[in-house]
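Novice:
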Amino acid sequence: LITYTVLALVLSFLVLPALISAVTPFSHRDVLSTFRATLLTIFATGKIIVVLPQLIDDVKRLFGRRGIEDPEVDSAADILMPLAYPFPNLGTLVIMMFVPFSAWYLGLTLSPPQTAVFLGAGMVSSFVAPIVGIPFLLDLVHIPADMFELFVVSTVYTDRIRVVLGAMHLVALTVIATAILTGRFKLKVHAFARAAVATAVVFVVSTVGVRTWLAHSLEGAYKGDRTFVQMELLEKPVPTHLFRKETPPPLEHTPGVSRLAEIRQRGFLRVGYLADRLPFAFVNQEAQLVGFDVEMANELARDLGVRLQFVRLDPATLAQSLSDGSCDLLMSGLVVTPERALQMSLTRPYLELTAAFIVPDPKRGTFSSLAKVREIPDLRIGVVASLPSITRAIRQVLPNATIVPLPSPRPYLKGKVKDIDALLYSAEAGSAWTLLYPSFSVAIPHPLASRVPLAYAVAGRDLQLTDFLNQWIELKRTDGTIDRFYRHWILGEGAEKSGPRWSVLRNVLHVGEERRK
Numbered sequence: 002l003i004t005y006t007v008l009a010l011v012l013s014f015l016v017l018p019a020l021i022s023a024v025t026p027f028s029h030r031d032v033l034s035t036f037r038a039t040l041l042t043i044f045a046t047g048k049i050i051v052v053l054p055q056l057i058d059d060v061k062r063l064f065g066r067r068g069i070e071d072p073e074v075d076s077a078a079d080i081l082m083p084l085a086y087p088f089p090n091l092g093t094l095v096i097m098m099f100v101p102f103s104a105w106y107l108g109l110t111l112s113p114p115q116t117a118v119f120l121g122a123g124m125v126s127s128f129v130a131p132i133v134g135i136p137f138l139l140d141l142v143h144i145p146a147d148m149f150e151l152f153v154v155s156t157v158y159t160d161r162i163r164v165v166l167g168a169m170h171l172v173a174l175t176v177i178a179t180a181i182l183t184g185r186f187k188l189k190v191h192a193f194a195r196a197a198v199a200t201a202v203v204f205v206v207s208t209v210g211v212r213t214w215l216a217h218s219l220e221g222a223y224k225g226d227r228t229f230v231q232m233e234l235l236e237k238p239v240p241t242h243l244f245r246k247e248t249p250p251p252l253e254h255t256p257g258v259s260r261l262a263e264i265r266q267r268g269f270l271r272v273g274y275l276a277d278r279l280p281f282a283f284v285n286q287e288a289q290l291v292g293f294d295v296e297m298a299n300e301l302a303r304d305l306g307v308r309l310q311f312v313r314l315d316p317a318t319l320a321q322s323l324s325d326g327s328c329d330l331l332m333s334g335l336v337v338t339p340e341r342a343l344q345m346s347l348t349r350p351y352l353e354l355t356a357a358f359i360v361p362d363p364k365r366g367t368f369s370s371l372a373k374v375r376e377i378p379d380l381r382i383g384v385v386a387s388l389p390s391i392t393r394a395i396r397q398v399l400p401n402a403t404i405v406p407l408p409s410p411r412p413y414l415k416g417k418v419k420d421i422d423a424l425l426y427s428a429e430a431g432s433a434w435t436l437l438y439p440s441f442s443v444a445i446p447h448p449l450a451s452r453v454p455l456a457y458a459v460a461g462r463d464l465q466l467t468d469f470l471n472q473w474i475e476l477k478r479t480d481g482t483i484d485r486f487y488r489h490w491i492l493g494e495g496a497e498k499s500g501p502r503w504s505v506l507r508n509v510l511h512v513g514e515e516r517r518k
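Counting in my numbering, the sequence shown runs from 2 upward without gaps.
(1) What do you reckon, are the CB atoms on residue 50 and residue 177 nearer than 8 angstroms?
(2) Contact check, residue 560 vs residue 381 under 8 angstroms by CB: the rounded distance?
(3) For the beta strand (DSSP E) that contains residue 452, what are its first and last residues?
(4) To the nearest angstrom, how far is the alpha carbon of residue 330 from that of residue 444?
(5) If you draw a straight line from the C-alpha of residue 223 to the C-alpha of residue 294, how long is it?
(6) With DSSP collapsed to three states, give me the class of residue 361.
(7) In whole angstroms, what separates the C-alpha of residue 386 from that of residue 320?
(8) For residue 203, which of 8, 56, 436 and 441 has the nearest alpha-carbon?
(9) What residue does the alpha helix (DSSP H) around residue 426 start on, and which one ends it?
(10) Alpha helix (DSSP H) containing residue 240: first to last residue?
(11) Does the structure place the stretch 187–204 close enough to the stretch 12–32 that three or more beta carbon pairs sit under 8 angstroms?
(12) Report, in whole angstroms, the separation of the C-beta atoms of residue 337 and residue 450, which I expect to be a contact under 8 angstroms.
(13) Between the Cα of residue 25 and those of 173, 159 and 390, spot the shortest distance and give me the residue it belongs to.
(14) Quick one: give me the first and last residue of the alpha helix (DSSP H) that residue 1 is part of.
(15) How should residue 12 be labelled, buried or exposed, when 16 other C-beta atoms within 10 angstroms of its C-beta is the threshold for buried?
(16) Looking only at its chain, what residues have a beta carbon closer than 6 angstroms to the beta carbon of residue 134, apart from the 5 residues adjacent to it on each side?
(17) Over the uninterrupted beta strand (DSSP E) stretch that includes residue 332, give me the two end residues.
(18) Would you mind sorting residue 492 into buried or exposed? The rule is 16 or more other CB atoms within 10 Å of its CB.
(19) Starting from residue 164, trace the beta strand (DSSP E) both ways and give me its first and last residue.
(20) Tell me which residues share the same chain as residue 233 and place their Cβ nearer than 8 angstroms to its Cβ, disregarding the 5 neighbours each side in the sequence.
(21) Only counting the same chain, and skipping five residues up and downstream in sequence, which positions put a Cβ closer than 8 angstroms to that of residue 401?
(22) For the pair the stretch 459–469 and the stretch 350–366, tell me if three or more CB-CB distances fall below 8 angstroms.
(23) Among 490, 480, 360 and 343, which one has its Cα closest to the Cα of residue 334?
(24) I think residue 98 touches residue 56, with their Cβ atoms under 8 angstroms apart; what is that distance to the nearest whole Å?
(25) Tell me whether the beta-carbon of residue 446 lies closer than 8 angstroms to the beta-carbon of residue 343.
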C-alpha cells in the first residue's frame with residue numbers, strides 16, 4: 002500500500018502535471034488548482050465515470066484561464082476524453098505492480114523470461130478490471146494464488162488511489178492532444194529538463210525511503226511458515242522425555258499382564274512417532290516435539306497419571322517396533338489400511354481426513370478436476386505410504402497412473418524429485434506442508450470425496466489397552482477435546498502468538514508493573 006500510494010501520488014501530482022506544463026502554455030499550479038475539486042470527488046466516489054462530464058468542463062476551464070476561447074478546444078475535449086476513457090490508464094497499469102510485490106513478499110524471484118511475459122500480459126490485462134487481471138497474472142508467473150486474497154483486501158483503499166491516477170492520466174492525454182490539435186503544443190526545453198530532474202530526484206528518494214521502510218517493517222518475508230513452526234501445545238505438557246538420538250531400553254512385558262496395568266505401575270507411557278508427520282508430530286522452532294497427536298499423547302498420559310516418553314520409529318519396521326518393546330503406542334497420523342490392520346492392533350479412527358493432491362500452485366486448477374487429471378499423459382503420482390491397498394485405490398480412480406513411492410513429502414516439495422506430477426496426501430495435513438512451501442497448493446479432485454481414517458497402533462495386540470483407548474477416544478470426542486485440538490493444529494486457530502495491546506496505563510504510566518514484579 003505504501004509503495005503504490007507513493008508512486009501514484011508522484012505520478013498524479015508531479016509527473017503528469019509537469020509533463021503538461023512542459024509542452025503547453027499552462028503552469029504546474031494551473032493544472033493542480035483547476036482539477037483539485039474534481040480529483041477529490043473522484044477519490045470519494047471511487048469512480049471516474051461519475052464525474053467524467055466535470056473533467057471535460059475542467060479541461061475547457063483550464064484553457065479559458067489563459068484566455069483561450071476556441072470552439073475547437075471545446076470540441077476536442079468533448080470527443081477526446083470519452084474516447085480515451087475505455088482504454089487502459091496509468092492507474093490500472095501501476096496496480097499491476099502487485100504481482101512483482103507478491104514475488105518479493107514470498108521470497109521468490111521473477112526470471113527474465115517471466116518478467117517479459119508479465120510485462121506483455123500485463124499490458125493486455127490492463128484492458129480488464131484489476132480484480133480479473135491480477136489472478137491471471139499471478140497464475141501466469143507461478144505465484145501462489147493465496148496472495149490474491151491480500152489484493153482483494155487492499156482494493157478498499159487502492160481502488161480510490163487508482164482512479165485518481167487514472168483521472169490525471171485522462172486529463173494529461175486530453176490536454177496535450179487538444180494542444181496539438183489547436184496548434185498550442187510547444188516543447189519548453191528548460192521546463193521539461195527541470196521536470197525530468199525533479200521527477201528523477203523524487204523517484205530516487207521515494208524508492209530508497211520505501212525500500213528502507215519495508216525492509217525494517219515487513220522484513221520482506223512470508224510468515225506463514227514461521228507461524229506454523231512456532232506453534233506450541235495448547236495444554237501444559239506432562240513431564241516428558243524425548244529420545245532424540247539414543248535408543249531407549251526395551252519395555253519389559255509380562256505375558257498375561259495387561260499393558261495398561263504395566264504403564265500405570267512403571268509410571269510412564271512410551272509413545273512412538275514418525276518423522277515428517279505434520280501437523281500430527283513435528284519439532285517446532287524451540288526444538289520441542291509438538292503436534293495434534295503429541296497433544297493427544299499428553300492428554301492420555303495426564304488421564305493415566307503417568308509421565309511421557311517419545312521415541313522416533315522407522316516407518317519400514319512399525320509392526321516390529323510395536324512387538325519388540327520399543328513403545329506402548331504409535332501416535333503419529335497413522336492411516337488405517339488392511340495391511341496395517343493385519344500386522345498390528347489399531348484403535349477406532351479418531352479422525353477422518355480428505356484425500357487430496359499436493360501440487361505446484363499453477364497446477365491446482367487441473368488437479369481440482371478428476372476428469373482433467375485422467376487426461377494427463379504419463380501421469381506420475383507420488384505416494385508416501387506405498388502400500389498395496391493404497392496402490393489399488395489409486396488404480397481404481399487413475400488406472401493409467403504410475404505410482405512413485407516417497408519417504409516423505411519433503412523431497413518432492415523441495416524440488417529434489419522432478420518427475421512427479423502430484424503427491425497424493427490428505428488435504429488437512431497437506432495444508433500444513435503448503436504453509437512451509439507456499440508455492441504448492443492442495444487440490445481436491447472433484448467429484449472425488451474419499452475419506453482417510455487415522456488410528457493409533459497398540460503394542461502386542463493388547464485387547465484391554467485397545468478397548469480402553471477406544472473408549473478414551475470416544476470420551477475425548479464427546480467432551481470436545483479432539484475438536485479443540487483439531488481447530489488448533491489442523492485449522493490453525495490460535496497459531497500466531499499475540500502480545501497484549503498497547504495501553505496508556507501499562508506502556509506510558511506503567512500501572513501494574515510493581516504487581517507483576
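Backbone N, C-alpha and C define an ideal beta-carbon position, used for all residues, glycine too.
Specialist: On the basis of the supplied data:
(1) No, these two residues do not count as a Cβ contact at 8 angstroms.
(2) In the structure displayed, the chain extends from 2 to 518; residue 560 sits before or after that span and is not available.
(3) Segment 452–459, the beta strand (DSSP E) holding residue 452.
(4) So the two alpha carbons sit approximately 32 angstroms from each other.
(5) With a pLDDT of only 46 at residue 223, under the threshold of 50, the placement of this residue in the model should not be trusted, and no figure is reported.
(6) DSSP places residue 361 in strand when its eight states are reduced to three.
(7) Cα to Cα, residue 386 sits roughly 14 angstroms from residue 320.
(8) When only C-alpha atoms are compared, the closest one is 8.
(9) Secondary structure note for residue 426: it is in no alpha helix (DSSP H), and the uninterrupted beta strand (DSSP E) holding it is 423–427.
(10) In the DSSP assignment, residue 240 falls outside any alpha helix (DSSP H) and carries neither an H nor an E.
(11) Touching, yes, given that three or more Cβ pairs across the two stretches are closer than 8 angstroms.
(12) Rounded, the Cβ-Cβ distance is 18 angstroms, inconsistent with contact.
(13) Nearest of 173, 159 and 390 to residue 25, Cα basis: 173.
(14) Beyond the ends of the chain as shown, which are 2 and 518, falls residue 1; an answer cannot be given.
(15) Under the 10 Å beta carbon count, residue 12 is surrounded by 16 or more other beta carbons and is classified as buried.
(16) Excluding positions up to five away in sequence, the list reads 126.
(17) Element bounds for residue 332: 330–336.
(18) In the assembly as shown, residue 492 is an exposed residue. Its beta-carbon has fewer than 16 other beta-carbons within 10 Å.
(19) Segment 148–182 is the alpha helix (DSSP H) holding residue 164; no beta strand (DSSP E) there.
(20) Hits under 8 angstroms: 285, 287, 289 and 291.
(21) 375 and 380.
(22) The count of Cβ pairs closer than 8 angstroms, one atom from the stretch 459–469 and one from the stretch 350–366, stays below three, leaving the stretches out of contact.
(23) Measuring from the Cα of residue 334, the nearest candidate turns out to be 490.
(24) That belief does not hold up - the Cβ atoms of residue 98 and residue 56 are roughly 25 angstroms apart, past 8 angstroms.
(25) In this structure, residue 446 sits away from residue 343, with a CB-CB distance that is not shorter than 8 angstroms.
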